[in-house]
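Letter by letter, the sequence shown follows residues -28 to -1, 1 to 994 of mature numbering (1 follows the signal peptide of the UniProt record, and there is no 0). Glycine is no exception: its CB is placed at the ideal position from the N, C-alpha and C atoms. Predicted model only: the values in this text are computed from it and were never measured. A quick write-up on the structure given underneath.
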Amino acid sequence: MKTFNRTLSVLLASALVLPVFQAGTARAAEVSSFNSAVSHYDYFSDVYPHLNDSNHILKTVTYEDLVTLLDSKGTYAVLFGGAWSDETQADIGFINQVAKQYGVDTIYNFDTKLDGESVDIAEQQAAPYTKVVTSGTTNTTNFYDFNELYVELVDKYLTNLSANTDATITYSKKSPQKESGGTVTTPSTVIASGEAKKIESPFLFIYDKDHKDGEGNAAPIIASLEKHGSSADYTWNDFLTADPNDGDALDTAKVDSYKEQVLNVFNKVPAADYDSLTNWDFIAPAFNKHEDQTVGRDIFPTHEENGQVVGDDGELVYEHVTYNELTHLLQSKGNYVILFGGSWCPNTQAAIRFINEYAKKYNVDKVYFWDTKLDAGISVLDPSADPHNSTFLQVRDTNHPLAKLYVDLTNKYLTNIKTQYLPASNNVNYTENGTNVVANKLQVPYLFAYNKDNVNADGSKAPILGHVELMYTWKNIQPDYAVADGTIRNHTNYTNALNKLLTRLEATPTGLTGVAPTSSANNNGQITGTTNKAVEYKLKSAADSAYTAVSGNAITGLAAGTYSVRYAAKNGFNGPTNAQTGPTAVPYAAGQAVDVVVPAYVGTDPTPTPTPTPTPTPSTPSTPVPTPTPVPVDAVNTVKVTGTTDSATGETVAAVSASDVASLITKASKAEAAGKVAVIGFQVAGTTDTTSTQLTIPRDSFNSIASSTKAAVQADLAIGSVTFDSKAVKSISANALSGDISIIVSQFELTEEGKAVLGDRPVYDLSLFAGDKQISNFAGGKVQVSLPYTLKAGENAESIVVYYLADSGELQTIRGHYNAATGTVDFATTHFSQYIIGFNKVGFADVPATAWFHHAVSFLAAREITGGTDADHFSPNAELTRGQFIVFLLKAYGIEPEAAGAANFADAGNTYYTNYLAAAKRLGIATGSGDNKFNPNNKITRQELFTLLYRSLEQLGELPTAKTGATIASYADAADIAGYAQTAFTTLVETGVIKGSGNKLNPEGVSTRAEAAQVLYNLLSQ
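Below is the structure:
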């Protein structure tokens, strides 16, 4: 991975490619998978129709997050405003554009309306909210003046605030008033009050808590802009031209004038000086502040790394959401994991780290975290105050002035909620028009999986897929905490509940693939894709009583046919907890089933073939050489689509007709009926001027490809070719965004600054749009990409690498290689981004160009899969250890190491391979040698190496399947293969990955660094 201190996007020429056709105005929330088991929700794209940027830099902050940010060292861009504001709606897209162009990473958006609608802390309350608590004959009236939050915030942090008007916000904090029998016994008194300047949305400002003005006075607000610099109201229409014949055309003069005002705010600070905070920064310190000191350690421990304090758990999966963001998320399509809780809650403190750990274990990279206290219980002027007992903005509190927020949210969206407290005994309620409205009162932490469209097997709606509501303390939930009888009970209860919850993260099973039996005589078909999924299956025609539970990575032993697969009924968990039986198990019904077809065997049953005679290679040792597995495409049907090219812009645009697509679908369907694999292809020729090619496919036609065939879709677009596999095609078709499908491949150059960093390298932008909205991820589907490239003088093929630009600004190396036969650079991806074809030559003194392993070592070193034993030497003949190969292997296939503290082998130690061992253990690649040991420093034998390789390829779904006719029985030393390695050797020999030498496989021989490099090179370079 190549990392730069600033986002690399500033090194690229303008790369945002939009469809050039006239698109509709319909919008939808951005929902995508990002290679995760759960969806991501883009609040800003959902609620700001004029933002028009799925890669925006806006981030919501809750009141607690805002306080964290304002207390943090650094320089930050902050925007006060909400979707309810016409002015913010009008401005936010332009603010985002200017900030990105200037080089700002993040704009933090705080909505002063804490519910997004009416609870506005920056708008003067007409009268305080009140809550009356009755105890016997005594009524106690508590007063809630929410303006206190705004005034205290301004008084402490925004001390040099300047506003467009002289209006102010005041608050008056009153003591409770008590009365008995109609007589006031304790009158209320004012115990605190304050006043602050009133700002109006949108209010953009640059903040540095340590900044001082020219006279040395504190001036934390470095620059600001409030409502175009005036108090006048305006809307999006004010940015449009006055000519009704222009439709919705922007008045460029007005837009440019406003953007110049925005730029004058940002450019008060150099772009490189802007800072941003991670989810760890927002979450971990708040929990550590409230840790249970009896444990004697932080909830989220840290260590020092290169002079920086780093969290042991790595980046956290949590993302705080506001109330308004939460309600929109609950209305959005997708699979979400949501946590209700807060840093103030000792039970959330107890569970927070373990939830993070197990979420990562199940490939959940986003847990949306909502605090039922809208202010997190914070008193900014009295940070020493214990927030745990504060219910000032606890909307989960019965008869709270804002209890309606919790009750309506629960009753509207969480319709099948299950909690320990039942409405009849303990609930949250409010009274409206004389009617008492009640909702289940949940306890925090309340963790649940959610899909608004989920329907049980019986057809009933059930948006909550499962939950955990268990109350433990940070002390007694620890893995080493034993109860009186010596049992580790609480930790086991909680982690078992997490395991149960996280085995169902979606409404219906996805990613299932039917695999045909290997011959007409065998019932060894499979359905793959069941890893970490609590599913059950039956033959579709069988009764429901035939459903059988599944465990492992696949359903095996299947005859050809159609099978029904569904999530099995399971339990959620809440209290009360019994010392003997554990927590209360709450049933969740089985889900809806999906049909998966296990295809019939097609082909000729294999007949015995002569044992091949190994070809000796005197100049090289016995290095396994794999046989490439060809892509099984039997039928490619292509239509040429005529485009037009704008010589001024270099854009070639083409649109295929619905009739042409229908013809291709018919051909593909016939090919598939004959047992062939089909590809539907489109060719668009360019001109010498072409730098960008766009192919548009009618949405209905694209949907028909997905629903009527299993065909891949290939687009040869003049300057590059992209092929979407069937899964990617179906994910695009199923995306909620509307509009025709446009595939765009563009080439552009680095800026001069970029060339100084990377050299003069070609850059490609791959994008796909539904209408005018971008789809970047394909729900686990893959896209094969081929980009034209000619080797330059002095370049060797092995050192050509492919980078993609991550959202973080990092250049990340992906698997790809130069294909000399086609003159292209080929790679596969699961998402679209910007890609750079790079050259990274790495040489070693002991790897001469004539060495048999030269190409392999050069290839792996260029991709940072391996380095040398020192700066100048690779040590090719050095024997390889088990730990070294694990690192080798996981880096080769892009498997990230686990975070510190993950479950590991007892002898994993604390060294370069430690976290890679943890990842290999979690994935089942490495099972150890007994007694939870791996023996990482032992020399690795060939049979150990091939077993680890086999398990990795199996986990990644990349095991070769094409048989060569070879068998292990043809080798003289086959009987020497250990039992644990039999499957690996059998598969890898039969598919040509292992060929042996001198009629021997040498399973007990020790592997060298060069041999291991050659094995991986042979697999990765195909």
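Check your understanding: Can you tell me whether residue 394 is buried or exposed, with buried defined as 16 or more other CB within 10 angstroms of its CB?
Key -> Locating residue 394 in the sequence shown gives position 422, where the first residue counts as 1. Burial call: exposed.
Practice item. Could you pull out every residue in the same chain whose Cβ sits closer than 6 Å to the Cβ of residue 673, ignoring the five residues on either side in sequence? Key: Counting from one through the sequence shown, the residue named residue 673 turns up at place 701. If we look at residue 673 and ignore the five residues flanking it on each side, its Cβ neighbours are 630, 633.
Review point. Can you tell me whether residue 795 is buried or exposed, with buried defined as 16 or more other CB within 10 angstroms of its CB?
Key: Translated into the one-based positions of the sequence shown, residue 795 becomes position 823. Answer is exposed; the Cβ neighbour count stays below 16.
Point to revise | Neighbour-count burial assignment, residue 269, 16 or more Cβ in a 10 Å radius | key: As a position in the sequence shown, residue 269 is number 297, starting the count at 1. Exposed, because fewer than 16 other Cβ atoms sit within 10 Å of the Cβ of residue 269.
Check your understanding: Is the CB-CB distance between residue 666 and residue 737 below 8 Å?
Key -> Walking along the sequence shown from the start, residue 666 turns up at place 694. Walking along the sequence shown from the start, residue 737 turns up at place 765. Result no, Cβ atoms of residue 666 and residue 737 do not sit closer than 8 Å.
Exercise for review: Using three-state DSSP, classify residue 303 as helix, strand or coil.
Suggested key: What you label residue 303 is simply residue 331 of the sequence shown in a count that begins at 1. In the structure shown, residue 303 sits in coil (DSSP, three-state: anything other than H, G, I, E or B).
Point to revise | Close beta carbons around residue 813, own chain, < 6 Å, minus the five adjacent residues each side | key: Here residue 813 is taken as the residue at index 841 of the sequence shown, counted from 1. Closer than 6 Å at Cβ, skipping near neighbours: 771.
Check your understanding: Using the C-alpha atoms, what's the distance from residue 901 back to residue 907?
Key -> Indexing the sequence shown from 1 puts residue 907 at position 935. Indexing the sequence shown from 1 puts residue 901 at position 929. Residue 907 and residue 901: Cα-Cα distance of roughly 7 Å.
Review point. Taking Cβ positions, are residue 502 and residue 465 nearer each other than 8 Å?
Key: Along the sequence shown, one-based indexing puts residue 502 at 530. Along the sequence shown, one-based indexing puts residue 465 at 493. It is not a contact, given that the beta carbons lie outside the stated cut-off.
Exercise for review: Could you tell me which of 337, 371, 92, 670 sits nearest to residue 9, measuring between CA atoms?
Suggested key: The sequence position of residue 9 within the sequence shown is 37, counting from 1. Nearest option by C-alpha distance: 337.
Practice item. Pair every Cβ in the stretch 752 to 766 with every Cβ in the stretch 784 to 798, then say whether three or more of these pairs are closer than 8 Å. Key: Flag = yes, the stretch 752 to 766 and the stretch 784 to 798 touch.
**Study point:** Backbone secondary structure at residue 14 - three-state DSSP
**Key:** Along the sequence shown, read from residue 1 onward, the residue named residue 14 stands at position 42. Strand at residue 14.
Point to revise | CB of residue 46 within 8 Å of CB of residue 185, strictly | key: Here the question's residue 46 lines up with position 74 in the sequence shown. Here the question's residue 185 lines up with position 213 in the sequence shown. With respect to residue 185, residue 46 sits apart: the two C-beta atoms are not nearer than 8 Å.
Review point. Touching or not, the stretch 302 to 321 and the stretch 100 to 112, by the rule of three or more beta carbon pairs under 8 Å?
Key: In short, these stretches do not touch, since the Cβ pair count stays below three.
Check your understanding: Is it true that the stretch 171 to 180 meets the stretch 47 to 60, where meeting means three or more beta-carbon pairs spaced less than 8 Å apart?
Key -> The stretch 171 to 180, when compared against the stretch 47 to 60, does touch it at the 8 Å Cβ threshold.
Review point. Can you pull the DSSP bridge partners for residue 439?
Key: Position 467 of the sequence shown, counted from the first residue, corresponds to residue 439. Answer is 420.
Practice item. Helix, strand or coil for residue 803, going by three-state DSSP, please let me know. Key: Walking along the sequence shown from the start, residue 803 turns up at place 831. Correct three-state label for residue 803: strand.
Point to revise | Bridge partners - residue 527, DSSP secondary structure assignment | key: Counting from 1 along the sequence shown, the entry for residue 527 is found at position 555. The partner list for residue 527 (beta bridge, DSSP) reads 499.
Check your understanding: What did DSSP end up calling residue 1011 once you bin it into helix, strand or coil?
Key -> One cannot answer for residue 1011 here, as it falls past the ends of the chain, which runs -28 to 994.
Review point. What residue does the alpha helix (DSSP H) around residue 992 start on, and which one ends it?
Key: Locating residue 992 in the sequence shown gives position 1020, counting from the first residue. Run containing residue 992: 981 to 992, per the alpha helix (DSSP H) assignment.
Practice item. For residue 110, decide whether its Cβ has a neighbour in chain B, counting only Cβ atoms nearer than 8 Å. Key: Of the chains in the structure shown, none is chain B; there is only one protein chain.
Practice item. Could you pull the start and end residues of the beta strand (DSSP E) that residue 542 belongs to? Key: As a first step, residue 542 must be located in the sequence shown, where it is residue number 570. First-last of the beta strand (DSSP E) with residue 542: 542 to 550.
Exercise for review: Determine the direct distance from the alpha carbon of residue 239 to that of residue 73, and round the result to whole angstroms.
Suggested key: Here the question's residue 73 lines up with position 101 in the sequence shown. Here the question's residue 239 lines up with position 267 in the sequence shown. Straight-line Cα distance between these residues: approximately 11 Å.
Practice item. Evaluate contact between the stretch 948 to 963 and the stretch 907 to 920, counting only Cβ atoms and requiring at least three cross-stretch pairs below 8 Å. Key: Touching, yes, given that three or more Cβ pairs across the two stretches are closer than 8 Å.
Review point. Who are the near neighbours of residue 56 in its chain, counting only those whose CB is closer than 7 Å to its CB and skipping five residues on each side?
Key: Within the sequence shown, the letter at position 84 stands for residue 56. 85, 88, 89.
Point to revise | Per-residue burial, residue 856 [other beta carbons within 10 Å of its own, 16 or more giving buried] | key: For the purposes of this step, residue 856 is identified with residue 884 of the sequence shown, where counting begins at 1. Counting Cβ neighbours within 10 Å, residue 856 comes out buried, since at least 16 surround it.
Review point. Run through DSSP, which three-state label would residue 854 get?
Key: The residue labelled residue 854 in the question sits at position 882 within the sequence shown. Looking at residue 854 - three-state DSSP - the assignment turns out to be helix.
Exercise for review: Kindly identify the DSSP beta-bridge partner or partners of residue 342.
Suggested key: Counting from one through the sequence shown, the residue named residue 342 turns up at place 370. Answer is 312.
Check your understanding: Any contact of the stretch 930 to 942 with the stretch 869 to 879, i.e. 3+ C-beta pairs under 8 Å?
Key -> no
Check your understanding: Can you tell me the Cα-Cα spacing of residue 545 and residue 482, whole angstroms?
Key -> In the sequence shown, the residue the question calls residue 545 occupies position 573. In the sequence shown, the residue the question calls residue 482 occupies position 510. Each residue's alpha carbon lies about 25 Å from the other.
Check your understanding: Can you tell which of 496, 420, 748 has the C-alpha that lies nearest to the C-alpha of residue 470?
Key -> Locating residue 470 in the sequence shown gives position 498, counting from the first residue. With distances taken between Cα atoms, residue 470 lies closest to 420.
Point to revise | Beta-carbon contacts of residue 428 that lie in its chain and below 6 Å, excluding the five residues immediately before and after | key: Here the question's residue 428 lines up with position 456 in the sequence shown. Cβ within range, chain order: 434, 561.
Practice item. Could you check how far apart the C-beta atoms of residue 789 and residue 993 are, in whole angstroms? I think they sit under 8 Å. Key: Numbered from its first residue, the sequence shown carries residue 789 at position 817. Numbered from its first residue, the sequence shown carries residue 993 at position 1021. The beta carbons of residue 789 and residue 993 sit about 5 Å from each other, so the pair counts as a contact at 8 Å.
Point to revise | Integer Cβ distance of residue 570 from residue 497, believed to fall under 8 Å | key: Taking the first residue of the sequence shown as position 1, residue 570 is located at position 598. Taking the first residue of the sequence shown as position 1, residue 497 is located at position 525. The Cβ separation is near 4 Å, so the contact holds.
Practice item. List the DSSP bridge partners of residue 31. Key: The residue labelled residue 31 in the question sits at position 59 within the sequence shown. Looking at the DSSP output, residue 31 sits in a beta bridge with 80.
Check your understanding: For residue 64, which option in 207, 305, 649 has the closest C-alpha, if you only look at C-alpha atoms?
Key -> Position 92 of the sequence shown, counted from the start, is the residue given in the question as residue 64. Of the candidates 207, 305, 649, the one whose C-alpha sits nearest the C-alpha of residue 64 is 207.
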